[in-house]
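Taken in order, the sequence shown gives residues 1 to 471; the numbers are from full-length UniProt numbering. Read through the structure below, which is laid out as structure tokens, and then see the notes.
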Amino acid sequence: MPRLTIQNIRFRPTKTIPSGLQVSGSTREPASEKTTKICRSRHGCRECRRRKVKCDETRPVCSRCQKRGLVCFSDPHSPPSVWQLELPWIFAHASTDKVAQTSKPNSSLLQWWFDTACHIMVIDPQVNPLSYPMMEHITASESLLHAIQSISAAHRRFFDRDSRVDCLKERDQALQLVQAELGSKKVSLLASFFTIFILGISSPWIDESVQDYGLEHFLGARATLDIILSDPANWTDPTVRVITGYYLFWDMAIALLGEPLDLPALDTDDMSAIVESMQDYCHPIAGRSAKIFYLLGLVGRYVRRVMSDGKRDLFFEMNTEDALLVWEPTEVNTHVRSLCNSFRSQALILLYQVRSFSPLPLLEHQDHIEGQIHSHALSAVSQLLDTPVTQHCFNIQAIPLTVAASGLKSADSDLRQQVVTRLKAIYSTSRVRTILLATSLLEELWELHDAGVHITYVELMLSKNWKLTLV
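Next up, the structure:
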């Protein structure tokens with residue numbers, strides 16, 4: 001046994017008890033003297049764990065990943081919601097006119113949808129009809145239940161291949177059930193629309209071919225919406241306005257992808273009328289931009305038609321440009337207003353690009369056209385980058401940011417790098433892999449432009465037979 005010396009003995013420092021402090025029983029330290037407990041989180045992002053550095057767990061992108069311009073793979077960690085305890089009761093007590101649920105809801109997948117996945121398509125998570133308000137339709141439609149569970153199964157695993165078994169199983173059930181529901185007419189068309197919308201907009205998320213943009217579902221959604229809108233009394237219904245806004249957003253996203261004759265006409269009397277009636281309506285995904293999404297759908301179709309036959313419509317171009325320039329966003333939130341302005345810039349850039357690859361002799365000068373494109377590109381990119389990633393509306397930036405950034409020049413190298421970093425941040429939240437493909441396509445486009453090759457983002461994408469929706 002080692003000899004005990006004075007050097008081996010350590011005494012605890014003496015604490016001075018303030019006068020007037022009463023201590024009963026054993027002596028206790030004042031609260032202010034207690035050692036602060038260090039909480040070590042185990043929920044850091046994948047990149048920080050790999051590099052063995054402390055992650056500050058800032059969401060949606062931690063500070064280290066944001067600084068290094070990396071994709072931040074992190075999962076929200078929250079205790080089970082109270083609603084899970086009430087979930088069986090909700091389905092058991094659904095009103096008698098609802099469809100009886102024969103499938104047991106997966107509480108884990110539903111919670112992921114309500115708490116995380118559904119928020120990638122809204123500008124404000126506090127106003128999200130795809131979240132808990134969706135329970136009304138889920139208890140009425142089994143197809144919607146499985147469509148939601150399909151997305152959750154894939155989204156929480158970043159749509160990797162290992163997650164596809166559960167995702168595709170749920171998706172197959174949703175497809176079969178929605179067909180049966182439409183045939184039986186026992187489920188409301190509103191619930192069926194949500195099912196078709198979720199299945200359609202998610203098609204490119206789980207398909208690696210980068211050619212499937214959900215056209216069949218889109219056509220089904222349009223047919224369903226046309227039936228609903230055929231009665232003008234429905235136009236002011238809040239849910240009808242919600243699904244109309246989602247349709248316009250979806251239409252805008254794929255208008256550049258379909259062949260000229262693939263997509264149904266957008267400028268019908270009913271659609272034009274309801275868009276006009278929604279001028280002051282704030283949509284959860286569009287804000288007060290229903291008119292801009294409508295115009296973008298028209299511009300996208302026009303661009304594809306000119307690319308196909310080379311014939312321009314000067315009357316359409318003039319009227320559309322005037323409508324875009326006159327329109328002003330009425331959003332109160334500065335960042336949402338910037339988002340709306342960027343969608344307008346996107347439409348103008350696409351219009352001006354038509355003039356660049358199909359100019360009219362003696363009327364349009366290439367330098368002037370490129371100057372207009374660059375001006376709108378700088379404006380849109382700057383406004384979007386000024387929006388912090390902590391603002392939820394940054395989730396919706398992918399499409400206007402990509403189109404606008406395609407107009408940046410070699411002198412805008414700093415902005416180009418910031419765009420790449422921002423797109424990776426958006427991917428960290430949405431987890432939609434087409435955003436990474438669009439990022440690589442954008443970098444390739446810049447290299448071509450710097451080498452003197454004149455080609456637009458849309459032309460380069462279609463030359464690869466890619467159809468990237470970015471939503």
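We treat Cβ as the ideally placed atom computed from N, Cα and C, and that holds for glycine.
Secondary structure of residue i, DSSP reduced to three states
i	result
Gly-200	helix
Ile-455	coil
Gly-214	coil
Gly-371	helix
His-365	coil
Gly-300	helix
Gly-287	strand
Glu-57	coil
Ile-123	coil
Leu-460	helix
Ala-140	coil
Phe-194	helix
Ser-131	coil
Leu-415	helix
Phe-357	helix
Tyr-246	helix
Pairwise C-alpha distance: residue j and residue i
i	j	result
Tyr-132	Val-458	37 angstroms
Arg-222	Arg-64	44 angstroms
Arg-68	Thr-387	18 angstroms
Leu-441	Met-461	7 angstroms
Thr-402	Phe-158	21 angstroms
Leu-378	Cys-340	15 angstroms
Arg-258	Val-471	One detail in the question is off: residue 258 reads as Gly in this sequence, not Arg. Approximately 16 angstroms, taken between the alpha carbons.
Asn-319	Asp-313	10 angstroms
Leu-325	Arg-46	45 angstroms
Val-432	Ala-154	10 angstroms
Asp-262	Ser-308	13 angstroms
Lys-464	Gly-200	22 angstroms
Val-332	Asp-124	13 angstroms
Leu-266	Arg-304	14 angstroms
Asp-207	Arg-161	10 angstroms
Thr-429	Val-71	9 angstroms
Lys-104	Ala-180	19 angstroms
Sequence-distant residues of the same chain with beta carbon closer than 6 angstroms to residue i, five excluded per side
i	result
Ile-369	Tyr-352, Arg-355, Ser-356
Ile-373	Ile-349, Tyr-352, Gly-407
Ile-138	Leu-144, Leu-145
Val-122	Asn-128, Pro-284, Ile-285
Residues near residue i by beta carbon distance below 7 angstroms, same chain, minus five either side
i	result
Ile-254	Tyr-213, Phe-218, Thr-469
Leu-410	For clarity, residue 410 is Ser in the given sequence; the question names Leu instead. Contacts found: Asp-450.
Phe-394	Thr-387, Ile-426
Ser-150	Cys-167, Glu-170, Arg-171, Ala-174
Gln-383	Ser-338, Asn-341, Ser-342
Phe-114	Ser-131, Tyr-132
Ala-109	Correcting the residue type first, residue 109 is Leu in the shown sequence and not Ala. The answer, listed in chain order, is Gln-149, Ser-152, Ala-153.
Residues of its chain near residue i, where Cβ-Cβ distance is below 8 angstroms and the 5 sequence neighbours each way are ignored
i	result
Val-453	none
Leu-437	Val-210, Trp-466, Leu-468
Gly-44	Lys-54, Cys-55, Glu-57, Cys-62, Ser-74
Ala-290	Thr-244, Gly-245, Leu-248, Val-275, Met-278, Gln-279, Tyr-281, His-283
Ile-6	Legend: pLDDT at Ile-6 = 41, less than 50; position of this residue unreliable, value from coordinates given subsequently. If we look at Ile-6 and ignore the five residues flanking it on each side, it has no Cβ neighbours.
Neighbour-count burial assignment, residue i, 16 or more Cβ in a 10 Å radius
i	result
Thr-390	exposed
Phe-249	buried
Lys-424	buried
Lys-185	exposed
Ile-198	buried
Glu-447	exposed
Ile-342	Going by the sequence as given, residue 342 is Ser instead of Ile. Buried, by the Cβ-count rule.
Gly-310	exposed
Thr-456	buried
Thr-421	buried
His-365	exposed
Pro-60	buried
Gln-126	exposed
Arg-241	buried
Arg-344	buried
Cβ-Cβ distance between residue i and residue j below 8 angstroms
i	j	result
Ser-230	Asp-270	yes
Leu-182	Ser-192	yes
Ser-152	Ala-117	yes
Tyr-294	Val-275	yes
Gly-297	Asp-251	yes
Pro-204	Thr-439	no
Phe-316	Tyr-302	yes
Ile-196	Thr-224	yes
Val-381	Val-419	yes
Gln-346	Ala-405	no
Leu-256	Gly-287	no
Trp-112	Arg-164	no
Distance cut-off 7 angstroms: residue i Cβ against heavy atoms of the ligand ADP
i	result
Ala-147	The ligand ADP is absent from the structure shown, which contains no ligands of any kind.
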